[in-house]
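In the working numbering, the protein residues as written are 1 to 439.
All C-beta atoms, glycine included, are put in the ideal place defined by N, C-alpha and C.
Model, not experiment: these values are computed from the prediction.
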Ligand SMILES: [Zn+2]
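Written out as structure tokens, the structure is:
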């Protein structure tokens, strides 16, 4: 008899993402139940077997699933969720036809986020990001990757990564950090990109590694930003510090980022809107995950990555939100799964049969290939299925259902003179002063 201190019953379907545990590639258990002990899942199976196999300890919590579908938490493997300032006005400009260059000339674009982020303190950044992570959790994401890349000086990059570390302590979503100092060339290095790469390699990376502030290294490898040669140099340097490469590749121009990812045995190559299919096939051979970010293509009005063609190479495909203030202002990882990532290229079975749709609509079990959810996001983190799966011994999502904000106390203004601009420009009424649940 297995002892449990938390039991969830009355789930119309339980999606385990373990084919051996249920039906189909998602391992769906009809009328499933879950038992956990000490924060770990210790049993999953049909509710009809629960009483015979699981015993509740005194005081155990019981949750009525009320006929909902139970899903593993989403893993969002590509976000820029820490930033200051707001770029919402850019959406209006873009809707009126302004180009990225025109927006940048008007003081917008990524460098406007850099200015605001540099002006913010670490605590400002934490305060701004906390409600975003509550939104992330409300949308079902329980693990998130967050990049630096809006500081672009050693001190500001470290500040962003320290904010990510603090965020991990303050709230229940599991946070993984990526050093992305080569996200853009800062204005003070305009026309001297190689000199900035020197700074990234010689000063930033050692400082990040010394403080063990990141697990991964990222580069915006793109025409007009960082070349293949520069990206290789940064990613190689990151590898020498034990940081695995996962980087922005072939988003706007076919530069060969996918091929580079294969050559370096990167963890993932991300975006890939313009990647050559033959390069993606090389990624498959090298075990590199293709991380697609359909939300960005949606917001920018660009064609989606040809996911179906990629899948035909056998490459592992993951979806992430690319949550950022300029081109994908939303952390809804589940929604990204329903952005028809293979529009025009294949039948995306997201409506209404995909797992994330079920989560939202409570409809029936998926039919047909669910390539996007059948290949969930954990692997771009290099974490196997330790997170995105419900099986005995796996981590229990620390929250379920509606997210609750951490304990909050009266707001204090960290800088004593008006608050920094906030997500959606709605002032945050409180500032957390104590960890929600120390980890
Ligand atoms: Zn990105």
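For residue 292, the enclosing beta strand (DSSP E) starts and ends at 289-292. Looking at the DSSP output, residue 319 bridges to 292. By the Cβ rule, the segment 199-206 does not count as touching the segment 129-147, because fewer than three pairs are nearer than 8 Å.
Straight-line measurement puts the Cα of residue 191 at about 25 Å from the Cα of residue 160. Short of 7 Å from the beta carbon of residue 201, and not among the five residues preceding or following it, lie these beta carbons of its own chain, in chain order: 233, 234, 237. Contact between the segment 77-97 and the segment 43-63 is absent, with fewer than three C-beta pairs closer than 8 Å. For residue 111, the uninterrupted alpha helix (DSSP H) run begins and ends at 110-119, by DSSP.
For the pair residue 228 and residue 255, the CB atoms are nearer than the 8 Å cut-off. Taking all protein chains shown into account, residue 163 has 16 or more neighbouring C-beta atoms within 10 Å of its C-beta and is therefore buried. The beta-carbon separation of residue 291 and residue 269, rounded to 7 Å, stays under the 8 Å limit for a contact.
Under the three-state reduction of DSSP, residue 166 is assigned to helix.
For residue 246, the uninterrupted beta strand (DSSP E) segment begins and ends at 244-249. By the CB criterion at 8 Å, residue 247 and residue 262 fall outside the cutoff. Boundaries of the alpha helix (DSSP H) harbouring residue 309: 307-312, taken from the DSSP string. Taking a cut-off of 8 Å on C-beta distances, the segment 288-303 does not touch the segment 54-71, as fewer than three cross pairs fall below it. Between residue 211 and the set 325, 151, 158, the nearest pair of CA atoms involves 158.
The DSSP-derived three-state label of residue 147 is strand. Between the C-alpha atoms of residue 319 and residue 103 there is a straight-line separation of about 28 Å. DSSP places residue 233 in the uninterrupted alpha helix (DSSP H) bounded by 228-240. For residue 103, the enclosing alpha helix (DSSP H) begins and ends at 100-105. Taking the CA atoms as reference points, residue 278 sits about 14 Å from residue 289. Apart from sequence neighbours up to five positions away, the residues of its chain that approach residue 114 with a beta-carbon distance below 6 Å are 150, 152, ordered along the chain. For residue 211, there is no enclosing beta strand (DSSP E), as DSSP gives it neither H nor E. Here DSSP, grouped into helix, strand and coil, assigns residue 129 to helix.
Per DSSP, the unbroken beta strand (DSSP E) holding residue 60 starts and ends at 54-64. Buried is the label assigned to residue 259, since at least 16 other Cβ atoms lie within 10 Å of its Cβ.
Around the beta carbon of residue 101, a 10 Å sphere encloses fewer than 16 other beta carbons of the protein chains shown; the residue is thus reported as exposed. Sequence-distant partners of residue 9 (beyond 5 residues in either direction) whose C-beta falls short of 8 Å from its own C-beta, in its chain, are 33, 47, 50, 62, 63, 64, 65. Between residue 43 and residue 4, the CB-CB gap stays under 8 Å. Beta-bridge analysis with DSSP links residue 197 to no other residue.
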